[in-house]
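The block underneath contains the structure these notes are about, expressed in structure tokens.
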Amino acid sequence: MLLSPIAVASGPILTVTEGNAPRTFQFTYLAGDGRGPDVTWIAGSAPGPTVTDEYVVTPYQGPPWPVQVGLSEADATELHLGPGDRIPVKDGHGRKKDVRISGIYRPADSADPAWRLAPALLHPVPGADGVGITRIAGLLSRESLPDARLAVGENELRRTVHFAPVPDALTWDTTATLASQVVKLKAASGSSAARDESLKWESRLDVILREVRGRISAVSAQAAVLLIGVLTVTVLVLLLAAGLLVRRRTPALSAARQRGAALPDLGAELTIESTVVSLAAAAVGLALARAAAPGVSWAWAVPAVLAGGVAGPAFGILAAARASRDRRQPANAAARRWIRATGQLRRAAVEVAVLIAAVAAFVTLHQGGLLSVASDGDTGELTGDTILPISAPALGVLVGALVLIRLLPLGARFALRQALRSRRPLAVFGAARAAATAGRALPLLVLVSATALASFAFILGTTVSRGLADGAWSSVGADARLDVGAEAGAATPAVAERIAAAPGVGQVVVAQVTDSARVFSESTLFTPRLVVVDAAAFQRLLATTPLPDAPDLARLRTPGPGDVPALVRSSDGELRAGTRLQLPRDDAPAIRLTAVGTAPSVGGAGDVVIVDAAALASAGLPAVPNTVWVTGPGAARAVSNSGVAADVVLRADVLRAQRVAPLTAGLLRLAWTAAAMLLALGLLGLTLAAAAGAAERWQTLTRLRTLGLRHRDVRWVAAGEVLPPVVVAAVCGPLLGALLARLTLGPLDLRLLTGQAADPGAVLPWWLLALVSVALLVAAATVVPVESALRRRDRLSEVLRAGE
Amino acid sequence: MSGEPLLRVRDVHRSFRTGPTVVHALRGVSFDVAAGSMVALVGRSGSGKTTLLNVIGGLDRPDAGTVHVDGADISALDEDGLSRLRREKVSYVFQSFGLIPVLSAAENVAAPLRLARAAPAERERRVELLLDLVGLADHARQRPTELSGGQQQRVAIARALAASPRLLLADEPTGQLDAETGLSVMALLRGIAESEGVTVLVSTHDAVMMALADRVIRIHDGHLDEQATGQPYAPVPDAR
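Protein chains in written order, with my numbering: chain A, 2 to 805; chain B, 3 to 242.
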């Protein structure tokens with residue numbers, strides 16, 4: 002699980018005493034697999050020992066012990082020194098050190114992981130030891146390492162062994178163990194502040210693993226939210242299909258029952274039949290799923306298989322029981338009222354149970370959030386505790402659908418009353434059919450749930466897509482960003498001017514960005530991202546991009562006497578307006594800062610301090626720009642052709658990388674697929690509902706035809722029955738989905754996926770929501786004429802005879 | 003009962019194919035029914051009663067033969083013509099009532115009048131009259147589910163009479179009713195035939211019900227029983 006360890010021995014931070022720019026020096030020894038990373042000596046030679054004696058005696062208060070080091074080309078250029086030169090350095094006590102350059106090297110492979118442990122060995126690193134301070138490092142060899150030990154004081158040569166994990170060996174199961182082992186080692190570690198020989202363990206692996214596991218847990222839970230939606234509608238559609246099948250088989254079942262078949266026998270027969278069909282279908286589905294995604298969990302199929310296996314027999318037994326039950330309408334009005342009240346009570350009990358479950362789910366989700374819920378399980382599998390909050394959107398949809406089921410009959414009866422006042426018979430008969438069938442719960446439940454959850458999935462997918470775009474803006478800070486190396490830092494303003502002159506470039510802003518800058522309050526050390534920038538230019542840049550505006554930037558341009566104004570932002574709220582800070586300097590008094598407002602998030606950092614470059618320069622610390630933000634359609638090309646040694650970060654590249662990242666791409670694919678599937682299930686539900694009611698509908702329509710209704714008018718009456726639940730679902734479903742998205746997207750922790758500083762608000766893709774509505778309405782508008790055309794072939798006598 | 007008959011059926015054939023089997027439901031049926039009479043169509047289940055009523059009412063078309071209702075050859079009518087026939091001249095009463103459950107008794111009775119686009123005032127007057135005729139004036143606002151089976155069938159009869167048809171076809175209208183209620187429904191039909199001048203053709207296999215008919219037509223295996231056709235029914239001794 003871990004790569005071969007790399008040993009690092011590094012000396013104290015020494016100050017380079019010559020040159021205008023503040024620089025530090027550190028000599029470092031690297032050894033992996035018993036030797037350091039390969040280098041080619043392009044001038045001079047590898048560092049050697051000062052003396053060849055096996056035993057040496059260093060005189061007390063003698064001259065500093067000489068030590069040989071190698072320098073990289075970039076570091077040598079920065080120091081303007083070469084082989085044989087001494088590096089003018091002194092330690093923290095002002096004592097000079099005798100560090101000699103034995104040669105200049107070029108790394109055989111600058112991507113060797115060993116170099117990452119001491120990047121200053123490859124090139125100067127700005128800001129490593131404070132704002133505006135550049136660190137340079139010298140490479141020790143095995144032979145010069147003993148001299149380094151003699152050149153510095155006791156315990157000043159820090160020896161560390163680095164263990165890096167093998168990414169491919171890290172799995173969901175192994176990371177939990179690894180993280181806990183790291184935590185145990187850190188707990189047993191000596192204090193890092195103690196300068197003794199005790200073993201000290203330092204690692205951020207446990208933190209990183211916890212973050213990654215948290216992200217995976219959150220995305221798993223977000224995926225589960227979508228899957229539960231699909232599952233809910235699937236089960237409802239299966240119930241609808243079972244109802245239709247049983248309706249078709251009711252005459253046979255009734256006949257069997259009337260001939261003396263026992264209900265258990267009928268139930269067993271139906272159960273065997275439905276179980277075989279359900280299990281076979283589930284096996285085929287799972288086989289296909291496993292072929293597409295090996296390791297896919299079968300647990301999600303259980304509710305669907307259960308619904309498929311049980312619903313048919315249950316409905317069938319009820320139908321058979323009704324055939325042999327003498328349950329006429331009681332003559333006694335009180336008895337009829339009692340029967341009605343019993344039915345209403347049963348229904349109300351179910352509705353209250355769903356409502357309570359939904360409220361509990363929302364409360365759990367909002368109190369704990371999805372991440373904590375998912376992390377609590379920490380197994381990657383759904384548990385009883387996690388199912389409730391994850392089901393919140395689906396339960397919310399069911400509650401909304403139940404409300405609509407209550408309202409639709411009221412609306413249909415109102416429409417009927419209005420129609421009865423009119424002189425249009427088709428309106429009366431259509432409204433009458435609507436009122437007669439408005440109480441059917443399952444079709445409306447399916448249609449509303451499918452449209453609402455499809456809309457929810459569309460909104461989630463759109464929100465993530467938009468969030469990724471915003472996250473890319475936030476991460477890069479512009480269309481393109483140039484991270485200029487220290488060696489080219491002085492040329493940054495000229496580079497910025499060249500870029501600004503390029504075609505298609507809008508805004509160009511230079512800044513000095515220092516990560517983990519040391520800033521003190523009275524009692525606390527903060528390590529925020531320090532941004533020294535022309536506040537006015539930065540504000541203009543924010544105004545021309547989708548990044549949030551920061552009006553407080555204007556306050557940086559009007560510094561009062563004394564402290565330098567700063568904008569601050571911190572994830573824990575410790576940095577806030579009014580806080581007084583100090584920015585320490587090397588060999589100079591610290592600069593006093595006063596927080597005058599809230600800083601925008603820069604590069605997605607949680608803790609940020611922004612200072613106006615001119616104000617800071619007035620206080621005695623001129624900025625050394627290392628970052629160039631560029632906007633405009635020509636930004637990418639202009640930055641790429643800047644001709645300086647710098648890292649180019651393009652927003653388009655960042656966005657592309659985020660979109661193809663496995664977790665992001667997976668959730669987005671799932672959201673779009675779930676939306677499409679839910680819509681398809683909704684259309685299937687519409688067809689099944691229409692088919693389930695067709696026999697009774699056409700029986701009634703045929704009776705109306707015996708009263709003189711013309712065939713060409715029949716479809717309008719049929720539409721009166723079919724359309725109301727469809728229209729309700731088409732209108733209310735997307736609105737319900739949007740409402741639930743607003744209520745639940747916050748706790749879904751989508752920021753972990755999008756890279757935004759805060760959880761994104763729901764983005765409503767109105768054209769997709771309209772598509773859901775239109776698809777349903779078009780399907781309904783197709784079903785009615787198709788059904789009418791098919792039924793036209795049936796003789797009226799046959800329809801009436803079938804209904805007798 | 004003299005002059006042109008209201009209903010003239012001539013050599014009507016109707017057969018159905020069920021897989022390889024052909025069922026001859028009607029085999030050359032011919033008879034006339036005079037206006038204003040009540041005729042009972044009698045026969046066992048499957049004898050062709052319902053098929054004959056459907057052909058007469060234009061719900062089904064004969065394979066051969068002609069049916070004239072009030073002088074119109076319904077075999078030659080298209081869909082719209084048949085709809086007009088059912089709206090103006092022929093109405094039905096079914097065994098299962100066929101009422102619209104969400105409409106009140108009065109609104110059910112008014113349904114044919116709405117199709118005929120009768121003026122609201124005329125519609126209300128006619129509905130009131132008919133409900134009074136069938137003895138349900140006090141139940142006008144009740145829905146079918148709030149009425150007994152006999153009451154529902156009375157509403158169905160009132161609805162059938164709403165558009166003042168010339169011919170009323172009733173297919174076993176007492177099939178779902180107990181004997182006493184069934185008899186009262188038949189008596190109602192009998193009375194309506196007399197008071198409204200409507201010709202009533204009612205299918206039944208209940209001997210007691212036949213007692214109220216002016217005439218009994220027996221049908222057996224698609225043929226009319228020539229001996230009985232056109233003969234007045236001789237009431238059974240224990241019939242009312």
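Think of the CB as a built atom: it goes at the ideal place given N, C-alpha and C, for glycine as much as any other residue. In this text, all values refer to a predicted model and were calculated from it rather than measured experimentally.
The DSSP assignment places no complete run of the alpha helix (DSSP H) inside the stretch 314-359 of chain A (cut-off: 4 residues).
Proximity of chain B to Leu421/A at the Cβ level (cut-off 7 Å) is accounted for by Glu109, in chain order. Assigned with DSSP and collapsed to three states, Gln144/B falls in coil, not helix or strand. Taking the Cα of Thr707/A as reference, the smallest distance to any Cα among Glu81/B, Ser17/B, Gln153/B, Asp65/B is reached at Glu81/B. Beta bridge pairing from DSSP links His222/B with His225/B.
For Ser641/A, the enclosing alpha helix (DSSP H) has its first and last residue at 636-641. At a cut-off of 8 Å, the C-beta of Ile102/B has a neighbouring C-beta in chain A. For secondary structure counted as the alpha helix (DSSP H) over 4 or more consecutive residues, the stretch 661-700 of chain A holds no complete run. For Leu241/A, same chain residues with a beta-carbon under 8 Å away, outside a window of 5 residues either side, are Leu443, Pro444, Val447, Gly686, Leu689, Ala690, Ala693 in chain order. For Asp208/B, the closest Cβ of chain A is not nearer than 8 Å. Under DSSP, Arg530/A takes part in a beta bridge, and its partners are Val609/A. Within the same chain, and ignoring the five residues on either side of Arg660/A in sequence, the residues whose Cβ sits closer than 7 Å to its Cβ are Leu469, Ala666. In the displayed model, Lys98/A falls within a strand according to three-state DSSP.
Within 10 angstroms of the beta-carbon of Glu55/A lie fewer than 16 other beta-carbons, which makes it exposed. Burial of Gly151/B is indicated by the presence of at least 16 other C-beta atoms within 10 angstroms of its C-beta. Between the stretch 621-628 of chain A and the stretch 711-724 of chain A, the count of C-beta pairs closer than 8 Å stays below three; the two stretches do not touch. Between the C-alpha atoms of Glu575/A and Asp553/A there is a straight-line separation of about 18 Å. It is roughly 22 Å from the alpha-carbon of Gly762/A to the alpha-carbon of Gly401/A.
Under a criterion of Cβ atoms nearer than 7 Å, no residue of chain A is adjacent to Glu198/B; the nearest Cβ is some 17 Å distant.
Check the Cα spacing between Val612/A and each of Ser423/A, Pro394/A, Asp535/A, Thr59/A: the tightest is with Asp535/A. Contact annotation for Ala324/A against chain B: no contact, minimum CB-CB distance about 16 Å [criterion: below 8 Å]. The beta carbon of Leu526/A sits closer than 8 Å to the beta carbons of Arg519, Val520 from its chain, once the five residues preceding and following it are set aside; these are given in chain order. Three or more beta-carbon pairs drawn from the stretch 262-278 of chain A and the stretch 308-318 of chain A are found closer than 8 Å, and the two stretches are therefore classed as touching. When C-beta distances to chain B are compared with 9 Å, every residue of the stretch 449-463 of chain A stays at or above that value. Chain B has a Cβ within less than 8 Å of the Cβ of Ala437/A. Assignment of Leu101/B by DSSP, reduced to helix, strand and coil, places it in the coil class. In the DSSP assignment, no residue is bridged to His81/A.
Restricting attention to alpha helix (DSSP H) runs no shorter than 4 residues, the stretch 212-273 of chain A encloses none.
As for any alpha helix (DSSP H) of minimum length 4 sitting wholly inside the stretch 60-141 of chain B, the runs are 81-90, 107-117, 122-135, ordered along the chain. Look at Ile388/A here: in three-state DSSP terms it is helix. Ala342/A is outside the set of residues whose beta carbon lies under 8 Å from a beta carbon in chain B. For Lys187/A, the enclosing alpha helix (DSSP H) stretches over residues 173-188.
Within the same chain, Gly667, Leu668, Leu671 come within 8 Å of Ala224/A by CB-CB distance, once the 5 residues on both sides are set aside.
Beta-bridge annotation (DSSP): Lys91/A is paired with Thr16/A, Lys97/A. In terms of Cα proximity to Asp169/A, the closest of Pro390/A, Leu3/A, Asp39/A, Pro23/A is Leu3/A. Below the 7 Å Cβ cutoff, chain A contributes Leu708 as neighbours of Ala113/B, in chain order.
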